[in-house]
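Take our numbering: the final residue in the sequence shown is number 945, and no numbers are missing along the way.
Report on the following structure.
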Amino acid sequence: MISTDLTQDASQLSPGALSLLPLLYIAWSDDILTPTEINLIEEFIQDQDWLEKDDKVFLCSRLDPAKPPTPKQVKRWASLIRNNAAQLPAASLKDLASLGKELSKLGGQEGAENFKPESAERALHNAAEMLGLISAESVNEILAAPRPEKVSEEEENITAFDLAEMKAYLDGDQGELKEKLRTLFSDPIFSYDRISEDKSEYRETVFEWMKLLAERGYGALAYPDFAGGKNDMRSYVTVFEMMGHHDISLAIKFGVQFGLFGGSIMGLGTEKHHREYLKDTGSLELAGCFAMTEGGHGSNVRDIETTATYDPSTEEFIIHTPHHYAHKEYIGNAAVHGKMATVFAQLITEGENYGVHAILVPIRDDQGNPMSGVRIMDSGRKLGLNGVDNGRLWFDQVRVPRENLLNRFGEVDADGTYQSPITNEAKRFFTMLGTLVGGRISVPMAGLSAAKSGLAIAIKFAAVRKQFGPAGQAEIPILNYRTHQRRLMPLLANAFAYHFAHQGMAHRYVNASEEEGREIEALAAGLKALSTWNTTATLQECREACGGAGYLWANRFADMKADTDIFTTFEGDNTVLMQLVAKSRLSDFKNEFNSMNLFNMVNFFAGKAFDALADKNPIAVRKTGKKHLRDSEWHLDMFKDRESSLVMSAARRLKHRLDQGMNSYDAFIEVQTHLVTMAEAYIDRVVLEYFIEEVKNYPEAAGKKVLKKLCALYALNILEKNILFYMTHDYLSDAKANAIRYQVERLCLRLRKHAVALVDAFGIPDEMLAAPIAINYGGTYK
Numbered sequence: 164m165i166s167t168d169l170t171q172d173a174s175q176l177s178p179g180a181l182s183l184l185p186l187l188y189i190a191w192s193d194d195i196l197t198p199t200e201i202n203l204i205e206e207f208i209q210d211q212d213w214l215e216k217d218d219k220v221f222l223c224s225r226l227d228p229a230k231p232p233t234p235k236q237v238k239r240w241a242s243l244i245r246n247n248a249a250q251l252p253a254a255s256l257k258d259l260a261s262l263g264k265e266l267s268k269l270g271g272q273e274g275a276e277n278f279k280p281e282s283a284e285r286a287l288h289n290a291a292e293m294l295g296l297i298s299a300e301s302v303n304e305i306l307a308a309p310r311p312e313k314v315s316e317e318e319e320n321i322t323a324f325d326l327a328e329m330k331a332y333l334d335g336d337q338g339e340l341k342e343k344l345r346t347l348f349s350d351p352i353f354s355y356d357r358i359s360e361d362k363s364e365y366r367e368t369v370f371e372w373m374k375l376l377a378e379r380g381y382g383a384l385a386y387p388d389f390a391g392g393k394n395d396m397r398s399y400v401t402v403f404e405m406m407g408h409h410d411i412s413l414a415i416k417f418g419v420q421f422g423l424f425g426g427s428i429m430g431l432g433t434e435k436h437h438r439e440y441l442k443d444t445g446s447l448e449l450a451g452c453f454a455m456t457e458g459g460h461g462s463n464v465r466d467i468e469t470t471a472t473y474d475p476s477t478e479e480f481i482i483h484t485p486h487h488y489a490h491k492e493y494i495g496n497a498a499v500h501g502k503m504a505t506v507f508a509q510l511i512t513e514g515e516n517y518g519v520h521a522i523l524v525p526i527r528d529d530q531g532n533p534m535s536g537v538r539i540m541d542s543g544r545k546l547g548l549n550g551v552d553n554g555r556l557w558f559d560q561v562r563v564p565r566e567n568l569l570n571r572f573g574e575v576d577a578d579g580t581y582q583s584p585i586t587n588e589a590k591r592f593f594t595m596l597g598t599l600v601g602g603r604i605s606v607p608m609a610g611l612s613a614a615k616s617g618l619a620i621a622i623k624f625a626a627v628r629k630q631f632g633p634a635g636q637a638e639i640p641i642l643n644y645r646t647h648q649r650r651l652m653p654l655l656a657n658a659f660a661y662h663f664a665h666q667g668m669a670h671r672y673v674n675a676s677e678e679e680g681r682e683i684e685a686l687a688a689g690l691k692a693l694s695t696w697n698t699t700a701t702l703q704e705c706r707e708a709c710g711g712a713g714y715l716w717a718n719r720f721a722d723m724k725a726d727t728d729i730f731t732t733f734e735g736d737n738t739v740l741m742q743l744v745a746k747s748r749l750s751d752f753k754n755e756f757n758s759m760n761l762f763n764m765v766n767f768f769a770g771k772a773f774d775a776l777a778d779k780n781p782i783a784v785r786k787t788g789k790k791h792l793r794d795s796e797w798h799l800d801m802f803k804d805r806e807s808s809l810v811m812s813a814a815r816r817l818k819h820r821l822d823q824g825m826n827s828y829d830a831f832i833e834v835q836t837h838l839v840t841m842a843e844a845y846i847d848r849v850v851l852e853y854f855i856e857e858v859k860n861y862p863e864a865a866g867k868k869v870l871k872k873l874c875a876l877y878a879l880n881i882l883e884k885n886i887l888f889y890m891t892h893d894y895l896s897d898a899k900a901n902a903i904r905y906q907v908e909r910l911c912l913r914l915r916k917h918a919v920a921l922v923d924a925f926g927i928p929d930e931m932l933a934a935p936i937a938i939n940y941g942g943t944y945k
């Protein structure tokens with residue numbers, strides 16, 4: 164007979180009572196039993212012929228809802244079970260039934276003559292199913308012994324990678340400059356404590372930081388020697404990238420001054436403009452603006468309404484805003500510091516409109532007062548970037564000398580005659596804009612730096628922040644939870660993928676030939692769009708992953724989220740940019756066919772059909788092995804198949820509409836969403852190609868293995884997001900789709916142990932990271 168005490172040794176209890184004790188504990192561990200559950204357990208106890216009558220009476224008495232066991236009694240039951248289970252082999256305690264059976268062997272002789280261990284085990288198994296218990300988890304709950312994770316021998320033998328090697332590889336040929344900037348931005352003068360909630364104070368702090376950078380020559384890096392520069396656009400991009408780890412307002416104001424304003428003079432002006440303005444621009448003696456966007460037209464630069472009308476009698480241009488909503492909108496440096504603006508306007512001479520051109524227009528005098536005819540309004544407080552003085556500009560018949568026209572692509576002679584090396588107006592317009600592609604290279608790199616900072620904060624916090632844990636045991640780091648890994652590890656893989664893609668694009672941009680210009684412009688637009696969307700998603704997920712701690716201003720997510728949010732819509736609205744990419748891909752597709760004769764075209768389609776057939780054969784569609792699913796060549800083939808399928812289907816859709824007599828504008832509008840998806844597939848493929856190439860080139864064996872896992876996670880995560888496309892196009896079976904999801908989770912698990920080292924490889928000093936929850940791997944949370 165079972166004792167009412169339950170603190171005594173198991174040998175004093177009957178085998179039957181001991182076998183049912185785990186079930187009794189689990190039944191009450193949630194504090195309350197429903198009437199149905201009580202009836203089921205009572206009926207079960209009464210039906211067991213191997214239980215003694217006294218045991219049945221006692222056990223049923225413990226199910227009386229009017230007299231439930233106290234928490235102290237339930238805890239004693241757990242102690243009795245755990246203390247005695249410690250004497251048993253762990254392998255035999257896989258579920259409630261086996262636990263009950265093994266415990267019964269420790270019971271006394273009283274009641275043992277009728278006890279049947281096999282019958283008890285079967286009955287307990289049925290009881291667990293009847294009550295809806297997950298038997299193995301119930302055992303873990305009782306014994307507080309989580310099941311060990313199975314790790315393959317291959318994965319167990321992976322050694323930690325060389326952190327210094329990884330950091331140097333990520334820095335590439337910019338390592339020396341990046342180290343200088345890390346030291347500079349770690350100086351107390353750049354401390355975040357200096358950032359004020361007062362808009363005016365914050366703007367002045369950022370301007371002071373700008374002067375410090377200009378004094379050290381960083382602003383003029385891309386300019387010629389005579390302007391204090393080094394003709395080094397790549398280093399300029401690196402400075403902008405590194406500021407993304409520090410303060411985004413500083414990065415944007417830096418970009419407006421030295422990139423947009425100075426860059427417009429460099430790219431659209433000629434030697435006389437370079438010599439007259441670039442030195443003062445690089446030293447910040449001449450603070451400038453880039454006045455392109457208008458309130459009434461947004462991304463539609465071609466149809467802006469500001470005019471620059473030439474007056475041959477005075478050899479001046481008259482800059483004019485024809486109505487209120489034609490004002491220049493959101494112009495950085497305009498509200499406080501700017502003295503001159505590069506103004507984009509419709510150039511009119513001899514009564515003829517020659518389209519959009521850029522012209523230098525003074526907007527303030529040396530005392531900071533607006534020039535005659537110039538009206539300036541502060542754009543006010545914004546969602547973020549409040550260290551940048553955005554403003555609005557109106558021009559009322561403002562006269563500037565003819566020489567102020569940035570005339571690389573269009574000149575007006577003294578008598579008013581217009582001439583240009585590019586006769587086609589549309590081609591001239593896009594050539595002008597193409598010279599300014601540097602902003603679309605730089606901005607997403609700064610955004611990615613913010614995303615890396617967010618990941619470093621969230622992952623370091625998660626590695627030390629403990630919460631919950633197995634019953635009776637210590638809490639565990641939240642990064643050990645699969646859900647947390649699933650949230651952060653794919654975003655970490657994305658950070659590496661976009662890092663390598665941006666580095667590759669920056670290298671191509673600064674070394675580009677004239678023939679590559681249009682391709683690079685399209686790639687820069689698409690990469691800017693996908694990368695900045697990724698930054699927004701990454702920072703939001705990292706903030707949520709840090710819970711309330713991430714909501715504190717001191718931990719930086721508030722500013723990083725607010726400051727980078729605009730990246731998705733400036734330097735080109737992302738959706739509009741993706742349409743630009745789509746048009747470029749369709750043009751390439753069209754040119755490819757225009758250059759083919761009939762024989763080649765037949766072979767082209769035959770090759771595509773063969774490739775598709777090879778990918779869709781039953782073996783490939785159903786192959787689910789780990790080696791296959793993690794193979795980068797297979798990933799790239801899948802990315803290419805999706806891209807080419809979308810390009811061809813988009814072309815077919817457009818052709819069908821054009822054949823029916825629809826004009827090209829309306830046809831394009833009808834298939835816009837398809838075109839954006841097509842453009843996304845193109846950029847995804849390019850990013851993966853950069854990642855695969857960098858993995859191949861990585862010199863250190865252990866680091867190469869980690870990068871291969873990151874690359875596989877990036878690719879499989881993209882495949883999983885587009886799983887519907889692949890399944891509806893018969894590239895994947897249901898089983899293979901499930902296997903992809905499984906591999907994503909396994910890669911997240913395997914990369915968890917490298918996560919802190921991987922964000923350390925970004926090389927962000929604590930002074931720049933600055934979030935208390937991340938410094939020293941969690942600060943007070945450690």
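Yeah, the Cβ is synthetic: ideal placement off N, Cα and C, and Gly gets one too.
**Item:** Assigned secondary structure, Gly418 (DSSP; H/G/I helix, E/B strand, else coil)
**Value:** helix
**Item:** Inter-residue Cα distance where the pair is Ile415 and Gly392
**Value:** 20 Å
**Asked** Expressed to the nearest angstrom, what Euclidean distance is found between the alpha-carbon atoms of Leu344 and Gly418?
**Response** Within the model, the alpha-carbon separation for Leu344 versus Gly418 is close to 16 Å.
**8 Å Cβ shell around Leu447 - same chain, five flanking residues per side excluded** = Met373, Lys374, Ala377, Gly382, Gln420
**Message:** Taking its Cβ as the centre, do 16 or more other Cβ atoms sit within 10 Å of Ile352, making it buried, or is it exposed?
**Reply:** exposed
**Asked** Considering only residues of the same chain and omitting the five flanking positions on each side of Ile204, which have a CB-CB separation below 7 Å?
**Response** Ala190, Leu226
**Message:** Less than 8 Å between the beta carbons of Ala471 and Phe480, yes or no?
**Reply:** yes
**Message:** Tell me the rounded alpha-carbon separation between Asp967 and Leu932.
**Reply:** Residue 967 lies beyond the range of the chain shown here (164 to 945); nothing can be said about it.
**Asked** What number of angstroms, rounded off, separates the C-alpha of Val673 from the C-alpha of Leu431?
**Response** 17 Å
**Asked** Is it a yes or a no for the region 529-537 touching the region 579-597, going by three-plus beta-carbon pairs under 8 Å?
**Response** no
**Asked** Are the CB atoms of Asn247 and Leu222 nearer to each other than 8 Å?
**Response** no
**Message:** Using only CA atoms, which one of Thr731, Ile936, Ala656, His917 lies nearest to Asn880?
**Reply:** Ala656
**C-alpha gap between Phe370 and Ala497, whole angstroms** = 13 Å
**Message:** Using the three-state DSSP reduction, which class does Gln666 fall into: helix, strand or coil?
**Reply:** Under the three-state reduction of DSSP, Gln666 is assigned to helix.
**Residue range of the beta strand (DSSP E) that includes Gln123** = Missing from the structure shown is residue 123; the chain here goes from 164 to 945 and no further.
**Asked** Do you know whose CA, among Thr444, Arg555, Phe572, lies nearest Phe593's CA?
**Response** The residue from Thr444, Arg555, Phe572 with its alpha-carbon nearest to that of Phe593 is Phe572.
**Asked** Between which two residues does the alpha helix (DSSP H) carrying Lys724 extend?
**Response** Judged by DSSP secondary structure, Lys724 falls within the alpha helix (DSSP H) whose first and last residues are 720-727.
**Message:** Measuring alpha carbon to alpha carbon, tell me which residue in Thr433, Thr695, His662 is nearest Cys874.
**Reply:** His662
**Asked** By a C-beta neighbour count over all protein chains shown, 10 Å radius and 16 as the cutoff for buried, is Phe624 buried or exposed?
**Response** buried
**N-terminal and C-terminal residue of the alpha helix (DSSP H) that Ile481 is part of** = Where Ile481 is concerned, there is no enclosing alpha helix (DSSP H), although the beta strand (DSSP E) it sits in stretches over 479-483.
**Prompt:** Under the three-state reduction of DSSP, which class applies to His460: helix, strand or coil?
**Reply:** coil
**Message:** Check whether the region 696-706 and the region 609-627 are in contact - that is, three or more C-beta pairs closer than 8 Å.
**Reply:** yes
**Request:** Determine, using beta carbons only, whether Gly426 and Gly579 come nearer to each other than 8 Å.
**Result:** no
**Message:** For a quick check, are the C-beta atoms of Phe403 and Met455 less than 8 Å apart?
**Reply:** no
**Request:** Hey, could you find the ends of the beta strand (DSSP E) Val524 is sitting in?
**Result:** 515-525
**Prompt:** Assuming Glu281 and Ala260 make a contact with CB atoms under 8 Å, what is their CB distance in whole Å?
**Reply:** About 10 Å; that fails the 8 Å criterion.
**Request:** Name the two residues that bound the continuous beta strand (DSSP E) containing Asp474.
**Result:** 470-474
**Request:** Can you tell me which of the three DSSP states Val561 falls into?
**Result:** DSSP places Val561 in strand when its eight states are reduced to three.
**Asked** Can you tell me whether Phe558 is buried or exposed, with buried defined as 16 or more other CB within 10 angstroms of its CB?
**Response** Phe558 should be labelled buried.
**Message:** Could you check whether Phe453 and Phe424 sit closer than 8 Å to each other, using their CB atoms as the reference points?
**Reply:** yes
**Message:** Quick check on Glu434: does DSSP put it in helix, strand or coil?
**Reply:** helix
**Request:** Could you check what DSSP says for Val402 in three-state terms: helix, strand or coil?
**Result:** DSSP places Val402 in the helix class (H, G or I) of the three-state scheme.
**Request:** Select from Pro475, Pro228, Leu181 the residue whose C-alpha is nearest the C-alpha of Ala241.
**Result:** Closest option to Ala241, Cα to Cα, is Leu181.
**Message:** Is it the case that the region 835-844 contacts the region 917-937, given that we only count it when at least three CB pairs across the two stretches are under 8 Å?
**Reply:** no
**Asked** Are the region 813-822 and the region 877-894 touching by the rule of at least three beta carbon pairs closer than 8 Å?
**Response** no
**Own chain residues within Cβ distance below 6 Å of Asp443, not counting five before or after** = For Asp443, where only same-chain residues beyond five positions count, the Cβ hits under 6 Å are Leu449.
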